[in-house]
Amino acid sequence: MNKISRRFKIIDILLIILMVLPILSCIVIKVVTTPLKEGIVISGASIFFTIKMPFQDLPITESQINSLAVIISILCLCLYLTHGIRDGVWLKRHHFAEIIVEMSKKMVSNNMGDYFISFAPFIVAIIGLSAFSSLVTLFGLYPPTSDLNIVAGWAILVFVLITYFKMKCGPIEYAKSFANPVLMAPLNVISEVATPISMAFRHYGNVLSGSVISVLVASALGGLSKMVFGFLPGFLGDIPFLQVGIPAILSVYFDIFSGCLQAYIFAMLTMMYVSGGFPYELYMQRKKCDV
Amino acid sequence: MLEIAVGIILGCCALGAGTAMIAGIGPGIGEGNAVAKACEAIGRQPESKGDVTSTMLMGCAIAETTGLYALVVAILLLFVAPGIFIDILISTIG
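From first to last, the protein sequence lines are chains A and B. If you use the working numbering, the first sequence corresponds to residues 11 to 301, in order. If you use the working numbering, the second sequence corresponds to residues 1163 to 1256, in order.
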């Protein structure tokens, strides 16, 4: 049994601080920069500042900052979970890390086949980033996944992967795969381009619609409670009693369940598209011939 | 005159957003069918519950796509389009 040294504890505490600090600083930035507004407003991510660029200015938005904070937090979480694992599995959190790794490998080998087993870290990174980005709403922050630009970036990354694995047998085979019945070639090209668009819109639309519906329901409940409890004297009439608690039930579905489900679906679609587009048997045949 | 023009733009954007969301009927029916079939399958083979549920969620998510396209169009019409159209109107009037 290893003993927890003092240095180990200090690094642990440092990692936990680094895990919490980005999120906290995002909350502070949000509180400082958001102007006071009357009522409930539906708006996109606020722009902090823009960097001058030769062709078009580059705006630095809330969603970029939040997604960077989530990335740093997840990195420190992973370092925390695997801290000291080189000396063997001897802490509770090491078992947790092992469970994550084993589950990811099992999922990838079930859905993509054993050839793609090296994809497991990438898939888990997508799930973790997407899920934590959606769950960041629980701290009152703007979720990066409800910004189309962030999700479109991930979808383009996946599209590049799909194209790379389709090109593995050379560009001629890639072009052939479109003209399966020759007449269908234009439609096949359109459906190929539609893959990243639909992936991005699916994720972004689900998260955004959840937050829009939550805001609409909250504002409607505010108006209703003003109507019902408006007769109460003094400041009691101004308190929106109906707004307490009822929007939280919606939040359980829209923020927690929907966010995690979309992360799972994005990862599943990535796995299916990448492994489905790869001509495995042809590639293996050619590899054998080359050897 | 300008007020009427702006009013027409805002009203038509709202009408368009509402009309676009008619597309929500399709995914509703489709997902309902998918869940009904999944319930039947679980009733027939309770041991395959995990596989059926994950496949069903997957299919539901894909069936939802058309509805989400409509939602994105509606959101663009509600929050983005009026500003652009009013800018165009003002720039043409001068």
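Using N, Cα and C, we set each Cβ at its ideal position, and we do this for glycine too. This one's a predicted model, so the numbers in the text were calculated from it and none came from an experiment.
Would you mind sorting residue i into buried or exposed? The rule is 16 or more other CB atoms within 10 Å of its CB.
i	result
B/C1175	buried
A/S219	buried
A/A189	exposed
A/M194	exposed
A/H213	buried
A/W100	exposed
A/D157	buried
B/V1234	buried
B/A1182	buried
A/C299	exposed
A/A165	buried
B/T1215	exposed
A/K186	exposed
A/K62	exposed
B/T1254	exposed
A/N120	exposed
A/V254	exposed
A/I160	buried
A/M209	buried
A/C86	buried
Kindly say whether residue i, judged by its beta-carbon, lies nearer than 8 angstroms to any beta-carbon of chain B.
i	result
A/F211	yes
A/N198	no
A/N216	yes
A/M278	yes
A/S219	yes
A/L226	no
A/L271	yes
A/I20	no
A/S156	no
A/S143	no
A/I312	Here chain A has residues from 11 to 301 only, and residue 312 of chain A is not among them.
A/S208	yes
A/I52	yes
Please confirm whether residue i has its beta-carbon closer than 8 angstroms to some beta-carbon of chain C.
i	result
B/I1187	No chain C appears in the structure shown, which is made up of the protein chains A and B.
Kindly identify the DSSP beta-bridge partner or partners of residue i.
i	result
A/I61	A/L68
Can you find the residues in the same chain that come closer than 6 angstroms, C-beta to C-beta, to residue i, ignoring five residues on each side of it along the sequence?
i	result
B/L1239	C1175, G1178, A1179
A/S235	P250, F251, L252
A/G138	I84
A/N198	F188
A/D265	T147
A/F267	none
Flag residue i as yes if its beta-carbon sits less than 8 angstroms from any beta-carbon of chain A, otherwise no.
i	result
B/I1237	yes
B/V1234	yes
B/E1226	yes
B/A1196	no
B/L1177	no
B/L1230	yes
B/L1172	no
B/M1218	no
B/A1200	no
B/A1167	no
B/A1243	no
B/A1203	no
B/A1182	no
Going by beta carbon distance, what residues of the same chain come within less than 7 angstroms of residue i, once the five residues before and after it are set aside?
i	result
A/A141	G269, C270, A273
A/T323	No answer is possible for residue 323 of chain A: the residues shown for chain A start at 11 and end at 301.
A/R296	C179
A/S114	A130, I133, V134
A/F239	G247, F251
A/P206	A165, I166, V168, F169
B/T1217	none
Sorted by chain position, which residues of the same chain lie with C-beta nearer than 8 angstroms to residue i's C-beta, five sequence neighbours on each side aside?
i	result
B/C1222	E1193, A1196, V1197
A/F129	V118, M122, M281, V284
A/V44	Residue identity differs from the one stated: residue 44 of chain A is Thr in this sequence, not Val. Closer than 8 angstroms at the Cβ level, and outside the excluded window around A/T44, lie S56.
B/T1228	A1185, G1188, P1189
Which whole-angstrom value describes the C-beta separation of residue i and residue j, a residue pair presumed to lie in contact below a C-beta threshold of 8 angstroms?
i	j	result
A/M211	B/L1230	With the sequence shown as reference, residue 211 of chain A is identified as Phe, and Met is not the correct amino acid for it. About 6 angstroms; that satisfies the 8 angstroms criterion.
A/I275	B/M1220	7 angstroms
A/V222	A/I52	6 angstroms
B/L1172	B/P1244	6 angstroms
A/I37	A/G150	7 angstroms
A/V262	A/S144	In fact, because the Cβ distance is near 13 angstroms, the residues do not count as touching under 8 angstroms.
A/P289	A/E202	Not quite, the Cβ-Cβ distance comes to about 15 angstroms (not below 8 angstroms), so this is no contact.
A/D22	A/H93	6 angstroms
A/P32	A/A79	4 angstroms
A/Y90	A/I14	No, A/Y90 and A/I14 are not in contact; Cβ-Cβ is about 14 angstroms, not under 8 angstroms.
A/F175	A/G98	With 8 angstroms as the limit, A/F175 and A/G98 do not qualify as a contact, their Cβ atoms being about 37 angstroms apart.
A/P257	A/L292	Going by Cβ atoms, the distance from A/P257 to A/L292 rounds to 54 angstroms, so no, they are not a contact pair.
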